[in-house]
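Visitor: Residue numbers (this note's numbering), protein chains in the order written: chain U, 1081 to 1315; chain V, 3 to 408. Got a structure here, written out as structure tokens. Questions coming.
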Amino acid sequence: MWDHVLQALHDSMGRVAARVAQILPGVLAFIVALIIFFILAWIFAAIVRWLLTALKFDQRVGRGSGSLSEISPAHTPTILASRVVFWAFVLVGVVVGLSAFEASSAEPGLAAYVLNYVPRIVGAAILLFVGTVLARFLSRSVLVTGVNLNLHYARLLSTGVKWMVLVLTAAMVLDHLAIAGAIVDLAFGILFGGIVFALALAVGLGSRDLVSRSLERETIRGPEDQHDEPRLRHF
Amino acid sequence: MAEIELPAELLNKIEKTGPVDLVIGVTGPAAPSELCSRARNSLRDISAKTIVAYAGTTHADSLPCVDTPIQLASFPMPSSNSGAFWLDISTAQRSVLALAERWGARACMVTHNDLAALEPETLRLLVEPVLQSQADLMMPIYVQGKYEGLISKCLLAPFSRALYGRRVRFPLSFDFCAGAAVFKKLTDAGSRAHGVAPLLWPANEVAIRGGKMGQAPVAVHHAVRTDHNDLTAILTEFAGSLFQEAEADAAHWQRVRGSEVVTRFGKSSFAKEDSAAQIDPKPMVESFVLGSRNLEEVWRLVLPPAITLELKRLSRLDADNFRMPDTLWARIVYDFALAHRMRRVSRTHVLGALTPLYLGWVASYTQEVASATSEEADRRIVQLAAAFEEQKPYFVSRWRWPERVS
């Protein structure tokens, strides 16, 4: 009996070792392919950055008010282009590595599956990038405008807008990746509705005080006072 | 820059009339009959062959401007389609100057379409020095009270003076008179900028090219509404344009040392007495404190730590003791100009975040000059301009080595 158990364990160990030995070259090939493409990615990204800088690409594509750097000052067109080149090479490296892994293993169709999923990942990455940049830009815009309008709840509004865009982005990314579709829809509806409701309540309650204060000021101050008050002329 | 396209009828008129001495260009639509009577009255002391041009489409030959040497002409006004406050005015000013150049005029008086500047004394002060070749450009010194024209007084004039080295009181004005020598320079100004049509800064342009400049006090009041809600838009437009000019002219202004007095024509006093009533600084201090509480994340990206610390200290003061030193304000403006160039934050956000700081300066200034006469308040403004000049080495250093923070 004990001999049978030992034999079964021994066989199992042998099978696992054989399996590992079978997969290991594939894993190594994957890592080597990834390292090579990382190096290539780094070199080509540097070349692209150097070329675009030499060609004054950022100035040529326009640095007007509607340009990318206006929304995201840290991301100049040159940096963006070099990053796109870098990650394109890394992606190709992953695909080549997976292909090598598949060739040396007994698992068919893995590379094809991943390859089919790549466009979704790329789309989701773009959505995530645009969403986070937009969230930061809109939140700052609301904050600056709110402060200049003397709104005491400007910070609250700005945070609300930021989280609304981030929640919307997260839902779109997950939907694009086809992960937990129904749950995401439901959670997004609840979260988004919750934020809008909370903002509406906060702004509504805040504005009530604001309006009453402003009305009080107007009532207390007679029309003759308004004429006597010297006026600032900014220009 | 929008190229002015003149209709065939106007080109024929230019050819038929031949060169003129003076073109008076109104930077907007005007009623021809009123324009004619105002021009006739204001030009009575100036003997010059004059064309009065205004933006519009009315047939000029049929207009009631008879029995005078003055001729009226209308020109099509190119639209900037921006909705910005000053950009349309700048576009029209360039069109008027281009028209004067085409007409072969010796001088061109640019004026606002409220026609407030079409007065004999104003025209004499601004036009005569140009016609007599005493100046290439005559800028007005608007006679204002101590609480008027604050953006010009605390930002546009001292910044321009420090950078371009000429003590011009109103570098951005509705009215000015230019000589033929600078028409081309002024109409071409701004074509170097990419994408965004810039405002026309005539005094700064002439200063760069070493032209002769003069200024004269004029009792002209242009009614412009700038209530609190418009303030950010106006400040953004003016400061944004000035900072953009500074970026374009960096090679020039880094070599300029000190400033020259601009020849003054006319009387020396140009301050208007205000009513004795006081300005309440509390709302402005509250705006500053609100900005300090909420915009710290933007200010920290724009200003060095020493200045943000100083602003924090100011935000704890009560309204009556609130004072913003000139040095601090000058450094703030310089740091915002640098941030505008560096784009560490979006330009819209940089310029928007300047408003509470500007209101802080206004609160401080209104308290300092509360009991001062207009002359004393004017001396206070001169003192501020001197502080901008003193702090220029700081700006040059920050401009050259932006990452180095003192």
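All C-beta atoms in this analysis are idealised placements derived from N, C-alpha and C, irrespective of residue type, glycine included. All values reported here derive from a predicted model rather than from experimental measurement.
1. What residues from the segment 138-155 of chain V come within 9 Å of chain U, judged by C-beta to C-beta, listed N to C?
2. State the CB to CB distance for the pair glutamate 103 of chain V and threonine 234 of chain V, rounded to an integer number of angstroms; the pair is presumed to be in contact (CB under 8 Å).
3. Does DSSP put arginine 108 of chain V in a helix, in a strand, or in coil?
4. Is it the case that the segment 328-337 of chain V contacts the segment 291-309 of chain V, given that we only count it when at least three CB pairs across the two stretches are under 8 Å?
5. Less than 8 Å between the CB atoms is what I'm expecting for isoleucine 236 of chain V and isoleucine 153 of chain V, so what's the real figure, rounded?
6. Give me the residue from V/Leu202, V/Asp23, V/Thr113 with the minimum Cα distance to glutamine 134 of chain V.
7. Phenylalanine 1315 of chain U CB to nearest chain V CB: under 8 Å?
8. Taking DSSP's pairing of strands, which residues face tyrosine 56 of chain V in a bridge?
9. Is any beta-carbon of chain V found at less than 8 Å from that of arginine 1235 of chain U?
10. With a Cβ-Cβ cutoff of 8 Å, do methionine 141 of chain V and phenylalanine 178 of chain V count as a contact?
11. Is any beta-carbon of chain V found at less than 8 Å from that of phenylalanine 1217 of chain U?
12. Against chain V, does arginine 1163 of chain U count as a neighbour if the rule is that its beta carbon must be under 8 Å from one of theirs?
13. For valine 170 of chain V, does the three-state DSSP call read helix, strand or coil?
14. Does the CB of threonine 234 of chain V have a neighbour CB from chain U at under 8 Å?
15. List, in chain order, every chain V residue whose beta-carbon is nearer than 9 Å to that of valine 1213 of chain U.
16. What does the alpha-carbon distance come out to for the pair aspartate 1091 of chain U and isoleucine 1103 of chain U?
17. Between alanine 118 of chain V and valine 222 of chain V, is the Cβ-Cβ spacing less than 8 Å?
18. Given a threshold of 16 other Cβ atoms within 10 Å of its Cβ, counted over all protein chains shown, does glutamine 369 of chain V qualify as buried or as exposed?
19. Give the residues of chain U in contact with threonine 357 of chain V, contact being defined as C-beta atoms less than 9 Å apart.
20. Going by DSSP, what residue range makes up the beta strand (DSSP E) through valine 220 of chain V?
21. CA-CA distance, arginine 382 of chain V and isoleucine 334 of chain V?
22. Considering only DSSP beta bridges, list what alanine 180 of chain V is partnered with.
23. Do you know how far the Cα of valine 112 of chain V is from the Cα of leucine 74 of chain V?
24. Excluding five sequence neighbours on each side, which residues of the same chain lie with their C-beta closer than 8 Å to the C-beta of proline 395 of chain V?
25. Here's the rule I'm using: 16 or more other beta-carbon atoms within 10 Å means buried, otherwise exposed. How should arginine 211 of chain V be labelled?
26. For the alpha helix (DSSP H) that contains alanine 253 of chain V, what are its first and last residues?
27. In the DSSP assignment, what are the bridge partners of arginine 333 of chain V?
28. Do we get a CB-CB distance below 8 Å when we pair leucine 292 of chain V with the residues of chain U?
29. Counting only the same chain and skipping the five closest in sequence on each side, list residues whose C-beta sits under 7 Å from that of phenylalanine 1118 of chain U.
30. With contact counted as at least three CB pairs below 8 Å, one residue from each stretch, are the segment 352-360 of chain V and the segment 254-261 of chain V in contact?
31. Please confirm if glycine 1302 of chain U has its CB atom under 8 Å from at least one CB of chain V.
32. Taking 8 Å as the cut-off, decide whether the C-beta atoms of aspartate 337 of chain V and valine 304 of chain V are in contact.
33. Who are glutamine 134 of chain V's beta bridge partners in DSSP?
34. For chain V, find out if any of its Cβ atoms is closer than 8 Å to the Cβ of valine 1096 of chain U; answer yes or no.
35. Starting from histidine 1232 of chain U, find everything on chain V with Cβ-Cβ shorter than 8 Å and list it in chain order.
36. With 8 Å as the limit, tell me which residues of the segment 300-311 of chain V have their beta carbon closer than that to any beta carbon of chain U; keep them in chain order.
Guide: Let me lay it out:
1. Gln146, Gly147, Tyr149, Glu150, Gly151, Leu152, Ile153, Ser154
2. Not confirmed; about 36 Å, so no contact.
3. coil
4. yes
5. 7 Å
6. V/Asp23
7. yes
8. V/Val28, V/Ser76
9. yes
10. yes
11. yes
12. no
13. coil
14. yes
15. Within 9 Å Cβ-Cβ: nothing; valine 1213 of chain U doesn't reach chain V, min ~11 Å.
16. 18 Å
17. yes
18. buried
19. Val1224, Val1227, Asn1228
20. 215-220
21. 18 Å
22. V/Cys110, V/Leu139
23. 15 Å
24. none
25. exposed
26. 252-255
27. In DSSP, arginine 333 of chain V forms no bridge with anything.
28. yes
29. Val1170, Gly1173
30. no
31. Because the pLDDT at glycine 1302 of chain U is just 46, under 50, the model does not fix this residue reliably, and the point stays unresolved.
32. yes
33. Answer is none; glutamine 134 of chain V lacks a bridge partner.
34. no
35. Leu292
36. Val300
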